[in-house]
Amino acid sequence: MFITVGLICLAITITQAQVLTQEDSLYAGLISKEQSTVISGYGEAHYSLDTKRKTSEATLKRVVLFVGHKFNNKISLFTEMEIENALVAGGVGGDEGSADKGNISMEQAFLKFNLNPTTYIVAGLFIPRLGIINENHLPTTFNGVDRPFVETLVIPTTWREIGVGLYGTFKNVPGLNYSFSLTNGLNSSAFVNGSGIRNGRQLGSEASGLALGVSGSLLYYINNFRLQASAYVGGSTAVEKRVADSLQLNSGAFGNPVALYEVDAQYSDNGWNMRVIGSRVSIQNAANINKAYANNTPESLYGGYVEAGYNLFYKKYKDAKALTVFGRYEYMDLSAKLPSSGVKNDANKQQYIVAGLTFKPIRGIAIKADYVQRITGTPNPALIITPFPQQVPYFKSDGFVNLGVAYNF
Amino acid sequence: MAFMGAGVLLESCSPGLPLLKTAAENKTLSVPLNKFSGNLLVVRGSGLENDILLVKNQNGYKALNLKCTHEGVGLTATDKKIFCSAHGSVFDFNGKVVKEPALRSLTEFRTETTNENIIIHLI
C-alpha cells in the first residue's frame, strides 16, 4: 500500500502533462503486483407513444453495472449485470424473457487473458463480434431511442453465449483486426416466427445440448471508415441425442445448423456519421424444426439499414458536444424463404423509417427524440389465434414518437 | 546510462506503423532517435501490458499508452487515428477522445530528448 502511494505521489510530482491516477499506473503495468477494481455502467429510459393505437409506454429500459477487476497485467475480469424495466416481478420478462415484468441478467462475465499487447483470449460469457450494435450497444453511441430493428430481429443483439474467443490485430496491416470465437449453440425449440433466431439464444443460462457455434470477424479501420464482415455458424439442437432422435432432428455439434452473415461499414468525419449494414440468416433444416416444434421457422431471413447523421454543433465543439440530426431506413424480411411446412406471413416484411435528434451536452450523456414509421405487409389471418374483441388491432402503417435519456460512464 | 544497453529490435513492416521492441529499465524506455523516421512509432516495452505510441509533433514527442480508457482493451493505432476494436472508441494523436464510449483521454507519459535517444518516463 505504501509502495503504491509512494509511486502515485512520485507520478504526481514528476508528471506535468497529466496526473497519473492509481488506475493509470496499474494500467501501465507499473504496479504489476497490485490489483485494481473498476466500476462503470450505462443506462437508458424510454417513452414511446403509439400514434395509431393511442397507447404509450414509459420504462427504465435498462441499467447496466460494469465491474471489472485486474488480477495482474495478464488477467482481468469483466462483468456486466443488467436490469431491464426497473424491476423484476412475477417471473421473467423484458428483452430476454417472455412474461410479466422486468428481467435481470448477466450481459457479460468473462476473463481476459492478454497474450501480448495486441492479442488476447476471453473465456466465459461474452458477446461475439457480429454486426455493429451487438458489441457496441451503449445507448450514448448510436442514434435513435431504440436500437436499430435489424440489429434486434436479424442480428439478435445483445447475443452472448458461453465460450472462448481470440481477438487480435494483423501485424503487417495497421487497422486490421480479427476475432474468432467458439461458444455453445442455439436452441431451435425456442425460435419464434417474426423474431428470427432471437429467442433461440441461450444467453449463458443453463445452455443445453451438444450444439456449438463458431464465429469470426474481420474489422478494418482505414481513413475515416470502419469496415467489418463477420459470420456465425452453429448447431441449434439443444436436446440430447435420445430426444433429438425421437423428434427426428439432427443432433451433435452442428445439428440443424444456423448460419448468420453480415457486412457493415461506418464513416465518420467533419460531423458526418454514416453507417450501413446487411445481414442474412439461413436455417438449413427449418422443415424438420417445424415438424418437431411447430414454430413456423423460416429457411432464411434477411435485413439491412442505412443511416446518415450530421452533428450541427461540430464546427463549434467538434465532437465534445453534439446535436445530431439523423435519418435511417431499415428493411427486413423475417421469413424470406419458407420450407414446405411453413406458413407465409407478409407482416414479416417490414420497413422502418426513422428520423430524429440526438443531443449530447457532454460525452456520456444523450437525450434523444425520434419518430418511427413502421410499414409492414398484411398479417396472415390464419396465424391469428386470438378472437375478436381481445385481438389487438394491427396497423400495417403505424407511427411512434419516442423520447429517451441515456448515460454511460 | 543503464538503459542505453537495452536490447532494441526494430520491425519496420510496411505498410504498418513501425514497431520498436525494447526493454524497460529504471522505469524508462529508450528509443534511439535514428530509429524514428516518421511521425509515429509503436514502442513495445518488455513487461508492459500495452504498447506505447510515440508521436512526433511541433513540441517534441508525445508518448501515449495504447490502452482504452473505457474498459482497458488494447488500442489499434493507424496513421490516421487510434481505435478501440472492442467498443468503438476513437482517439486522436493528442490522446483526446474523438468518439466515446471512452470518456477520458489516453494516459500520457513524460518524454525527454537526449542527443541520441528519446526517453519515455513510465512514472
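Line order of the protein sequences matches chains A and B.
For what it's worth, our numbering labels the leading residue of the first sequence as 843, then goes sequentially.
For what it's worth, our numbering labels the leading residue of the second sequence as 191, then goes sequentially.
We put the CB at the ideal spot given by N, CA and C, even for glycine.
Margin query: So, with DSSP's three-state summary, where would you put Ile917 (chain A)?
Written below: Your numbering for residue 917 (chain A) matches position 75 in the first sequence. Looking at Ile917 (chain A) - three-state DSSP - the assignment turns out to be strand.
Checklist line | Gln877 (chain A) vs Lys912 (chain A) beta-carbon contact at 8 Å | finding: Sequence index remark: in the first sequence, residue 877 (chain A) carries index 35 (1-based). Sequence index remark: in the first sequence, residue 912 (chain A) carries index 70 (1-based). Yes, these two residues count as a Cβ contact at 8 Å.
Notebook entry, point to check: By the criterion of Cβ-Cβ separation under 9 Å, what are the contact partners of Gly966 (chain A) in chain C?
Noted result: This model lacks chain C altogether, as its protein chains are A and B.
Item checked: Contact list for the stretch 278-304 of chain B against chain A, Cβ threshold 8 Å -> Gly278, Val280, Val287, Val288, Lys289, Glu290, Pro291, Leu293, Ser295, Thr297, Glu298, Phe299 and Arg300
Margin query: Does the CB of Ser1239 (chain A) have a neighbour CB from chain B at under 8 Å?
Written below: Along the first sequence, one-based indexing puts residue 1239 (chain A) at 397. Closer than 8 Å: no.
Check: Under the rule that 16 or more other beta-carbon atoms within 10 Å means buried, what is Thr218 (chain B), buried or exposed?
Finding: For the purposes of this step, residue 218 (chain B) is taken as the residue at position 28 of the second sequence. With 16 or more Cβ atoms within 10 Å of its Cβ, Thr218 (chain B) is classed as buried.
Next item on the list: Please confirm if Asn216 (chain B) has its CB atom under 8 Å from at least one CB of chain A.
Entry: Sequence index remark: in the second sequence, residue 216 (chain B) carries index 26 (1-based). False, the Cβ-Cβ gap to chain A never drops below 8 Å.
Check: Is the stretch 966-974 of chain A touching the stretch 1020-1034 of chain A, taking contact as three or more C-beta pairs under 8 Å?
Finding: yes
Note to self: Among A:Arg1216, A:Thr982, A:Leu907 and A:Glu926, whose alpha-carbon lies nearest the alpha-carbon of Gly278 (chain B)?
What the structure shows: What you label residue 278 (chain B) is simply residue 88 of the second sequence in a count that begins at 1. Comparing Cα-Cα distances from Gly278 (chain B) to each of A:Arg1216, A:Thr982, A:Leu907 and A:Glu926, the minimum goes to A:Thr982.
Item checked: Closer than 8 Å to chain B by CB, Asn1092 (chain A) -> Looking up residue 1092 (chain A) in the first sequence gives position 250. Taking Cβ atoms only, chain B never reaches closer than 8 Å to Asn1092 (chain A), which makes this a no.
Notebook entry, point to check: Who are the near neighbours of Lys954 (chain A) in its chain, counting only those whose CB is closer than 8 Å to its CB and skipping five residues on each side?
Noted result: Taking the first residue of the first sequence as 1, we reach residue 954 (chain A) at position 112. Within the same chain, Lys954 (chain A) has close Cβ partners Ile917, Ser918, Leu919, Phe920, Tyr962, Ile963 and Val964.
Check: Is there at least one Cβ from chain B nearer than 8 Å to Asn985 (chain A)'s Cβ?
Finding: Locating residue 985 (chain A) in the first sequence gives position 143, where the first residue counts as 1. Not an interface residue.
Margin query: Does the contact criterion of 3 or more C-beta pairs under 8 Å hold for the stretch 985-993 of chain A versus the stretch 1052-1067 of chain A?
Written below: no
Margin query: Quick test of your reading: Val880 (chain A) and Gly910 (chain A), contact by CB under 8 Å. State the CB separation rounded to the nearest angstrom.
Written below: For the purposes of this step, residue 880 (chain A) is taken as residue 38 along the first sequence, with counting starting at 1. For the purposes of this step, residue 910 (chain A) is taken as residue 68 along the first sequence, with counting starting at 1. Val880 (chain A) to Gly910 (chain A), Cβ: 4 Å. Contact.
Check: Do Tyr884 (chain A) and Asn1277 (chain A) come within 8 Å of each other at the CB atom, strictly closer than that value?
Finding: This structure gives no information on residue 1277 (chain A), because the portion of chain A shown stretches from 843 to 1251.
Item checked: Lys1210 (chain A) versus Val987 (chain A): straight-line alpha-carbon distance, rounded -> Counting from 1 along the first sequence, the entry for residue 1210 (chain A) is found at position 368. Counting from 1 along the first sequence, the entry for residue 987 (chain A) is found at position 145. C-alpha separation (whole angstroms): 6 Å.
Notebook entry, point to check: Between Glu298 (chain B) and the rest of its own chain, which residues show a CB-CB distance below 8 Å, the 5 nearest in sequence each way excluded?
Noted result: Along the second sequence, read from residue 1 onward, the residue named residue 298 (chain B) stands at position 108. Within the same chain, Glu298 (chain B) has close Cβ partners Lys252, Ala253, Leu254, Asn255 and Gly285.
Notebook entry, point to check: Would you report the Cα separation of Gly1198 (chain A) and Val1243 (chain A), rounded to the nearest angstrom?
Noted result: Within the first sequence, the letter at position 356 stands for residue 1198 (chain A). Within the first sequence, the letter at position 401 stands for residue 1243 (chain A). Whole-angstrom Cα-Cα distance: 10 Å.
Margin query: Looking only at its chain, what residues have a beta carbon closer than 7 Å to the beta carbon of Ile309 (chain B), apart from the 5 residues adjacent to it on each side?
Written below: Indexing the second sequence from 1 puts residue 309 (chain B) at position 119. Thr218, Ser220, Thr301 and Glu302, listed in sequence order.
Checklist line | Close Cβ partners of Ser874 (chain A) (< 8 Å) along its chain, the five nearest in sequence each way excluded | finding: Working through the first sequence from its first residue, we reach residue 874 (chain A) at position 32. Annotation note: pLDDT 48 at Ser874 (chain A) (below 50); position unreliable, no value reported.
Margin query: Which of the three DSSP states is assigned to Tyr1135 (chain A) in this structure?
Written below: As a working mapping, residue 1135 (chain A) is identified with position 293 in the first sequence. Tyr1135 (chain A): helix per DSSP, three-state reduction.
Note to self: Can you list, in chain order, the residues of its chain with a C-beta nearer than 7 Å to that of Val1034 (chain A)? Leave out the 5 residues immediately preceding and following it.
What the structure shows: For the purposes of this step, residue 1034 (chain A) is taken as residue 192 along the first sequence, with counting starting at 1. Contacts found: Asn1041 and Asn1137.
Next item on the list: Report the neighbours of Asn1112 (chain A) on chain B: residues whose CB is nearer than 8 Å to its CB, in chain order.
Entry: In the first sequence, the residue the question calls residue 1112 (chain A) occupies position 270. The premise fails here: Asn1112 (chain A) is roughly 12 Å from chain B at the closest Cβ pair, so nothing lies under 8 Å.
Notebook entry, point to check: Using a Cβ-Cβ distance under 8 Å, would Ser275 (chain B) count as near chain A?
Noted result: Here residue 275 (chain B) corresponds to residue number 85 of the second sequence, with the count starting at 1. Yes, contact with chain A.
Next item on the list: Measure the Cβ-Cβ separation of Gly1206 (chain A) and Leu296 (chain B) and say whether it is below 8 Å.
Entry: Position 364 of the first sequence, counted from the first residue, corresponds to residue 1206 (chain A). Position 106 of the second sequence, counted from the first residue, corresponds to residue 296 (chain B). Going by C-beta atoms, Gly1206 (chain A) is not nearer than 8 Å to Leu296 (chain B).
Check: Using 8 Å as the limit for Cβ to Cβ distance, is Asn978 (chain A) near chain B?
Finding: Start at 1 with the first residue of the first sequence, and residue 978 (chain A) comes out as number 136. Yes, Asn978 (chain A) counts as interfacial toward chain B.
Check: Using a beta-carbon distance below 8 Å, is Thr212 (chain B) in contact with chain A?
Finding: The sequence position of residue 212 (chain B) within the second sequence is 22, counting from 1. Closer than 8 Å: no.
Notebook entry, point to check: Which residues of chain B have a Cβ atom closer than 8 Å to the Cβ of Ser918 (chain A), listed in chain order?
Noted result: Sequence index remark: in the first sequence, residue 918 (chain A) carries index 76 (1-based). Simply Gly262.
Item checked: Residue-level contact to chain B via CB, Arg1205 (chain A), 8 Å cutoff -> Reading the first sequence from its first residue, position 363 is the one you call residue 1205 (chain A). Yes, contact with chain B.
Check: Counting only runs that start and end within the stretch 1093-1148 of chain A, where is the beta strand (DSSP E) found for 3 or more residues in a row?
Finding: 1100-1111 and 1114-1125
Notebook entry, point to check: From Gln864 (chain A) to Ile313 (chain B), what distance separates their C-alpha atoms?
Noted result: Along the first sequence, one-based indexing puts residue 864 (chain A) at 22. Along the second sequence, one-based indexing puts residue 313 (chain B) at 123. Low local confidence applies: a pLDDT of 46 at Gln864 (chain A) is under 50, so the model's placement there is unreliable, with the coordinate-based value given in what follows. Near 11 Å, if we compare the C-alpha coordinates of Ile313 (chain B) and Gln864 (chain A).
Check: In terms of DSSP beta bridges, what is Val287 (chain B) paired with?
Finding: For the purposes of this step, residue 287 (chain B) is taken as the residue at position 97 of the second sequence. In DSSP, Val287 (chain B) forms a bridge with B:Phe281.
Notebook entry, point to check: When the Cα atoms are used, what is the spatial distance from Phe281 (chain B) to Asp1161 (chain A)?
Noted result: To locate residue 281 (chain B), count along the second sequence from 1; it is residue 91. To locate residue 1161 (chain A), count along the first sequence from 1; it is residue 319. Going from the Cα of Phe281 (chain B) to the Cα of Asp1161 (chain A) covers about 11 Å.
Checklist line | The alpha helix (DSSP H) enclosing Thr1166 (chain A), as first and last residue numbers | finding: Position 324 of the first sequence, counting from 1, holds the residue named residue 1166 (chain A). Here Thr1166 (chain A) belongs to no alpha helix (DSSP H); instead the beta strand (DSSP E) covers Ala1164 to Lys1179.
Next item on the list: Enumerate in chain order the residues of its own chain whose CB-to-CB distance from Ala1032 (chain A) is below 7 Å, with the five nearest sequence positions on each side excluded.
Entry: The count along the first sequence starts at 1 and reaches residue 1032 (chain A) at position 190. So the list reads Asn1041 and Gly1042, once near-sequence residues are dropped.
Checklist line | Test: Gly1017 (chain A) CB closer than 8 Å to a CB of chain B | finding: Mapped onto the first sequence, residue 1017 (chain A) falls at position 175. So yes, Gly1017 (chain A) belongs to the interface.
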